[in-house]
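Some notes on the structure that comes next.
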Amino acid sequence: MNVLFSNITAAILFAVIFQACSSPVPSDTKPQSDSTIYYSANDFKTVKKTDAHVHVDTYDSAFIMQAKDDNFNLFTINWDDVNEPPPMEDQQKYALAHRKNFSDRLEYATTISIRKFNDKDWLDKTLSYIDNSVSHGAKAVKIYKVIGMTLRDKQGKLVMVDDPRFDSLFKYLEKNKIPVVGHLGEPRNCWLPVDSMTVKGDASYFTAFPQYHMYRHPELPSYEDQIRARDNRLAKNPNLTFVGAHLGSLEWNVDSLAARLDRYPNFAVDMAARIVHLEVQAKSNWQKVHDFLIKYNDRLLYATDLLIDEKMSASDARKAAHETWADDWKFFATDEKMTSSQFEGSFNGLKLPAEVIDNIYRNNAKKWLGIF
Ligand SMILES: [Zn+2]
63 MNVLFSNITA AILFAVIFQA CSSPVPSDTK PQSDSTIYYS ANDFKTVKKT DAHVHVDTYD
123 SAFIMQAKDD NFNLFTINWD DVNEPPPMED QQKYALAHRK NFSDRLEYAT TISIRKFNDK
183 DWLDKTLSYI DNSVSHGAKA VKIYKVIGMT LRDKQGKLVM VDDPRFDSLF KYLEKNKIPV
243 VGHLGEPRNC WLPVDSMTVK GDASYFTAFP QYHMYRHPEL PSYEDQIRAR DNRLAKNPNL
303 TFVGAHLGSL EWNVDSLAAR LDRYPNFAVD MAARIVHLEV QAKSNWQKVH DFLIKYNDRL
363 LYATDLLIDE KMSASDARKA AHETWADDWK FFATDEKMTS SQFEGSFNGL KLPAEVIDNI
423 YRNNAKKWLG IF
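Residue numbers (our numbering): 63 to 434.
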């Protein structure tokens, strides 16, 4: 039967991460000797920022209040997976309720359901659901990893995202200039033995849930199969605006990601729940990560994957959000020595120029998703 997947990014990585960034003229920016402008740790609140991938799965507004305090706008993204509540219909209700009250601070992405993929009218119903969502303000459509990992056709065969049966859907999105946020595949660690995984959260998660640990399921598509299917889809729809969630599942190696960004000009990526993988790489090769972020600074969207649900207290939601955002800001904006609870050793902040920070933290969300 199908392998069940839960949202490892949301549940595990939520507890782990940290920080963010951008406003007009920061109070204490200091020109360096090369006259490049940099932000400091103190500019965290003064700079206007967007977190381009969160999940606000509650009517409570504490998280949004924290976003306001920390000068963040939010992009909440719906998904659909029979194994991961809440249902997409409820997610839609949360998003629309918050849009009503916080239209200047929160935008949302709708999603599609593949539960009835094998029905004759699946495509028609899916397109009309997208239309309806867009008419209610949705700015993008999330495509979820259930495609490629659990979706099976009538013959019981796994259906990958480059399958011709998805051609009409993607053609429609391409033609109507509706951006896709695509979470396809998993971190590469999912296909490695536990003792080879690069971050502790993955190791403990896949130890606890061996059914999701692809290393133990060689009969299922490989990591390379997942990436190839996504790349094939990008090649099939060259004019589709496609934001690859989670560093496009190429989190483990900036060179691999750079190769795709070079090959597919309408491909960008969000950093949701994968900043730790940039930190891991910065530990061994700071310069490479630093130069990658500068070179591709118009293709990278700051994002956390923070997930706030009804079970979370308001104070916990606020604390998790603030700590995550503040820590990430330290990594991108300063050159402070840092450590992570996710791996041994230390690494230095990247100290990116202010204009790079402004792109990553705000301008790219506008450019690629049309938000804020
Ligand atoms: Zn997510």
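For each residue, glycine too, the CB sits at the ideal point set by N, CA and C.
Just so it is clear, the structure is predicted and the values come from calculations on it, not from any experiment.
Residue i - DSSP class collapsed to helix/strand/coil
i, result
"residue 400", "strand"
"residue 433", "coil"
"residue 410", "strand"
"residue 244", "strand"
"residue 254", "coil"
"residue 358", "coil"
"residue 405", "strand"
"residue 364", "coil"
"residue 282", "coil"
"residue 338", "helix"
"residue 168", "strand"
"residue 213", "coil"
Status (buried if at least 16 other CB within 10 Å, exposed otherwise) for residue i
i, result
"residue 297", "exposed"
"residue 407", "exposed"
"residue 121", "exposed"
"residue 273", "exposed"
"residue 198", "exposed"
"residue 88", "Low per-residue confidence applies at residue 88: pLDDT is 48, beneath 50, and the placement is therefore not dependable, though the value from the model is reported in the following sentence. By the 10 Å Cβ count, residue 88 comes out buried."
"residue 163", "exposed"
"residue 426", "buried"
"residue 313", "buried"
"residue 404", "buried"
"residue 250", "buried"
"residue 411", "buried"
"residue 377", "exposed"
Residue i - partner residues in DSSP beta bridges
i, result
"residue 415", "100"
"residue 134", "111"
"residue 306", "244, 331"
"residue 371", "119"
"residue 188", "Its beta-bridge partners do not exist; DSSP assigns none."
"residue 173", "204"
"residue 141", "Looking at the DSSP assignment, residue 141 forms no beta bridge with any residue, so it has no partner."
Residue i: CB within 7 Å of a non-hydrogen atom of ligand 3
i, result
"residue 270", "The ligand content of the structure shown is limited to ligand 1, which means ligand 3 is not among them."
Review point. Would you say the segment 224 to 236 touches the segment 271 to 287, given that touching needs at least three Cβ pairs under 8 Å?
Key: Counting Cβ pairs under 8 Å, fewer than three are found: no touch.
Point to revise | Validate contact between the segment 105 to 119 and the segment 144 to 156 using beta carbons, cut 8 Å, 3 pairs | key: yes
Exercise for review: Spell out a yes or no on whether the segment 204 to 212 and the segment 165 to 175 are touching, meaning 3 or more CB-CB pairs, one atom from each, closer than 8 Å.
Suggested key: yes
Check your understanding: Counting pairs of beta carbons, one from the segment 95 to 114 and one from the segment 126 to 140, are three or more of them closer than 8 Å?
Key -> yes
Check your understanding: Does the segment 386 to 395 come close enough to the segment 345 to 353 to have 3 or more Cβ pairs within less than 8 Å?
Key -> They do not touch, by the three-pair rule.
Review point. Does the segment 264 to 271 come close enough to the segment 326 to 338 that 3 or more CB-CB pairs lie under 8 Å?
Key: no
Check your understanding: Would the segment 301 to 310 and the segment 368 to 380 be scored as touching if the rule is three or more Cβ pairs under 8 Å?
Key -> no
Check your understanding: Counting pairs of Cβ atoms below 8 Å between the segment 205 to 223 and the segment 253 to 265, do you hit three or more?
Key -> no
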